[in-house]
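Undergrad: With the first letter of the sequence shown counted as 1, position 242 gets the number 261 in my numbering; the numbers rise by one all the way through. We put the CB at the ideal spot given by N, CA and C, even for glycine. Below you'll find the structure I mean.
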Amino acid sequence: MQENIIELDLKKYLSLFSNSRVDFYRFPGNYGDSLIYHGTKTLLDELNIDIDLVEIDSDIINDILFIDGGGNFVDEYDDVYNFLVKKYRMYKKIVLLPHTIRGKRQSKLIQSFGPNITIFCREKVTYEFVKNNAIKVEYYLWNDCAFYNDLKNYSEVGKGTLNSFRVDVESNKKELPADNEDISYDGWCMKPLQEFLVKIQKYEEVRTDRLHVAIASAMLGKRVLFYSNSYYKNMAVYEYSLKKYPEVIFIYENDYNLVSYSQIRLVFLEHFNNETVKTKGNILDLFSELIFINHKLWHFEDLVRNLELTDKLVRETKRRIDKANQLRNDIIRKIDFNLISLLNNKESKDIEKFVSESPAVFIDRLSIMFIRKFEIESLVFRIKDNKNLNNIYNQKLNVINKQIDFNGNFLDVLFDRIRLGTVFFKIFNPIKIYNDNNIQKYLNRLQQDIKKKLKDSEF
């Protein structure tokens, strides 16, 4: 049995089958499954792998079988399970493309598989499931095949919000938006993608619990508010594949009881016991990520103030600071988008109710206070032999503790006011110019002018 998580580039693995022909099982489905299929076909075409489509009652055409990826090998659906029960001993080699897998019957079947089967898992929860049940099979971790699609022809800047929530057995929502349109439901597993993609590209923002609506929207550069389905699939794929898209925001819509200063305080204190991001699968992960990146920034900024650094190291550290600041800003936005839902934030035309500092910005500042407290405590420990200096920094420690208590208590007051509707906050979309290639030459000229002014300045 494999011990550590092994990621294996699917393209590299499938290149072993280049210039060959294989049987290919594509189970029924919707537009999401079609996005997977077309991504898979793009990959297979690049590798010159031809396919013969087979069904459960088909004859064996080739001695190698590929089963397309997806979320069908679970208790909610029977297609992949029934196909494998009947045929897994008939092929010399079977490759199950990136899948989500769960359930007792799948567990028993995987335990019976021989070494002729290779399983690709599309997220870490499934990987652990397969790992715990695999006796003889190979298993690896890799991204959903939908990511192999080339969507560059669908780059329209859209307007408005598309609500596209599922209406089937995997739905986790008690109520659906009045304008809900489950665009994935109207497709089938190999349907051309144009209608599906044209629908998405019309919008600026997409709210969905459909995994492949989220994936397609992310690839098209849309802002995505991504919600959970009836089990772990959406969150797990988000953590493994979609989190790298800064405009994809997972909404922890049921974590009402976790939005309090006491919970945030525990997360911040836990950070200093082990300076890593602890994954809990809820909104506390965002608070953990925030203090983690802020502590990194603290160290980077300390480093860049070191006069002994070479110019090269200063430049490298400043680049790392810029990158960390962007990550920090992304996390702040993700927290605020979640708090809009969890606090039932209602925008009002009464401008007097508007608070210009959002809760996430306040939480960000609070995290820096905790970092400052930790660093002062570290100094106090190191200077315990210097009584005068120790007294000075213990006084500083008392001050920062009072600041933390005051701001922490106010944070709960702010949460309550938002819940009651006596105040509201807004999320303003950032206006970015430095990543626009069309304006880069003008920015370069502007920077030259700034350099000249700075050179002539007294500062």
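#1: Is the number of C-beta pairs between the segment 53-69 and the segment 29-43 that are closer than 8 angstroms three or more?
#2: Assign Phe478 to one of three DSSP states: helix, strand, or coil.
#3: Closest to Asn91 by CA distance: which of Ser203, Ile113, Arg45 is it?
#4: Which runs of the beta strand (DSSP E) fall wholly inside the segment 252-296 and span at least 3 residues, in chain order?
#5: Taking all protein chains shown into account, decide if Leu465 is buried (16 or more other Cβ within 10 angstroms of its Cβ) or exposed.
#6: Thinking C-beta only, is Asn301 closer than 8 angstroms to Met247?
#7: Taking just the CA atoms, how far does Arg338 sit from Leu322?
#8: Whole angstroms is fine: what's the gap from Ile75's alpha carbon to Leu195's?
#9: Let me know the secondary structure DSSP gives Lys30 once reduced to three states.
#10: For the beta strand (DSSP E) that Gly51 lies in, which residues bound it at each end?
#11: At 3 residues or longer, and completely inside the segment 310-348: list those beta strand (DSSP E) runs for me, N to C.
#12: Quick test of your reading: Ser492 and Asn162, contact by CB under 8 angstroms. State the CB separation rounded to the nearest angstrom.
#13: Thr329: buried (16+ other C-beta within 10 angstroms of its C-beta) or exposed?
#14: Taking three-plus beta-carbon pairs below 8 angstroms as touching, is the segment 279-290 in contact with the segment 163-173?
#15: Excluding the 5 residues flanking Asn23 on each side, which residues of the same chain have their C-beta closer than 7 angstroms to its C-beta?
#16: Taking C-alpha atoms, which residue in Asn182, Ala197, Tyr56, Pro378 lies nearest to Glu224?
#17: Are there 16 or more other CB atoms within 10 angstroms of the CB of Ala197, so buried, or fewer, so exposed?
#18: Asn313: which of Leu398, Phe393, Lys218 sits nearest, CA to CA?
#19: Apart from the five residues just before and just after Ser360, which ones in its own chain have a Cβ nearer than 7 angstroms to its Cβ?
#20: For Leu433, is the classification buried or exposed, using 16 other Cβ atoms within 10 angstroms of its Cβ as the cut-off for buried?
#21: Excluding the 5 residues preceding and the 5 following Val232 in the sequence, name in chain order all residues of the same chain whose CB lies nearer than 6 angstroms to its CB.
#22: Using only alpha-carbon positions, find the residue among Lys403, Phe43, Tyr107, His118 that is nearest to Leu160.
#23: Label Glu371 either buried or exposed according to how many other C-beta atoms from any shown protein chain fall within 10 Å of its C-beta, with 16 as the threshold for buried.
#24: Within 10 angstroms of its Cβ, does Asp187 collect 16 or more other Cβ (buried), or is it exposed?
#25: Take the Cβ of Tyr50 as the centre, count every other Cβ of all protein chains shown within 10 Å, and call the residue buried at 16 or more, exposed below.
#26: Buried or exposed for Asp228, please, with buried defined as at least 16 other CB atoms from any protein chain shown within 10 angstroms of its CB.
#27: Within the segment 140-200, note down every full alpha helix (DSSP H) run reaching 4 residues or more, in order along the chain.
#28: Does DSSP classify Val104 as helix, strand or coil?
#29: Among the candidates Phe447, Phe139, Val243, Phe85, whose CA atom is the shortest distance from the CA of Glu157?
#30: Indicate whether the contact test is met: 3 or more Cβ pairs, each with one atom in the segment 47-63 and one in the segment 80-88, closer than 8 angstroms.
#31: Beta-carbon within less than 7 angstroms of Ile458's beta-carbon, same chain only, minus the 5 sequence neighbours each way: which residues are those?
#32: Grouping DSSP H, G and I as helix and E and B as strand, with all else coil, what is Pro117?
#33: By Cβ distance, which residues of its chain are closer than 6 angstroms to Phe478, with the 5 residues on each side in sequence left out?
#34: Whole angstroms is fine: what's the gap from Lys241's alpha carbon to Arg384's?
#35: Note down, in chain order, each residue of its chain lying with its Cβ closer than 7 angstroms to the Cβ of Leu27, except the 5 sequence neighbours on either side.
TA: Based on what the coordinates show:
#1: Judged by Cβ distances under 8 angstroms, the segment 53-69 makes contact with the segment 29-43, as three or more pairs qualify.
#2: Annotation note: pLDDT 49 at Phe478 (below 50); position unreliable, coordinate value reported separately. If DSSP states are grouped into helix, strand and coil, Phe478 belongs with coil.
#3: Arg45
#4: 267-270
#5: exposed
#6: Looking at the sequence shown, residue 247 is not Met but Ser. Their beta carbons are not under 8 angstroms apart, which means Ser247 does not touch Asn301 by this criterion.
#7: 13 angstroms
#8: Rounded to whole angstroms, the separation of the alpha carbons of Leu195 and Ile75 is 36 angstroms.
#9: Reduced to three states, the DSSP call for Lys30 is helix.
#10: From DSSP, Gly51 is part of no beta strand (DSSP E) but of the alpha helix (DSSP H) over 50-65.
#11: none
#12: This structure cannot speak to residue 492, because the chain is shown only from 20 to 478.
#13: The residue in question, Thr329, is exposed, as its Cβ has fewer than 16 Cβ neighbours within 10 Å.
#14: Touching, no.
#15: none
#16: Asn182
#17: exposed
#18: Phe393
#19: Here Ser360 has Ile270, Glu272 as same chain residues with Cβ atoms under 7 angstroms from its own Cβ, once five neighbours each way along the sequence are excluded.
#20: Result: buried.
#21: Ser183, Ser203
#22: His118
#23: exposed
#24: Its Cβ having fewer than 16 others within 10 Å, Asp187 is exposed.
#25: buried
#26: buried
#27: 143-152
#28: helix
#29: Phe139
#30: yes
#31: Ile452
#32: strand
#33: Reliability of the predicted coordinates at Phe478 is poor, the pLDDT of 49 falling under 50, and the value obtained from them is presented with this limitation in mind. Result list for Phe478: empty, nothing under 6 angstroms.
#34: 29 angstroms
#35: Tyr159, Trp161
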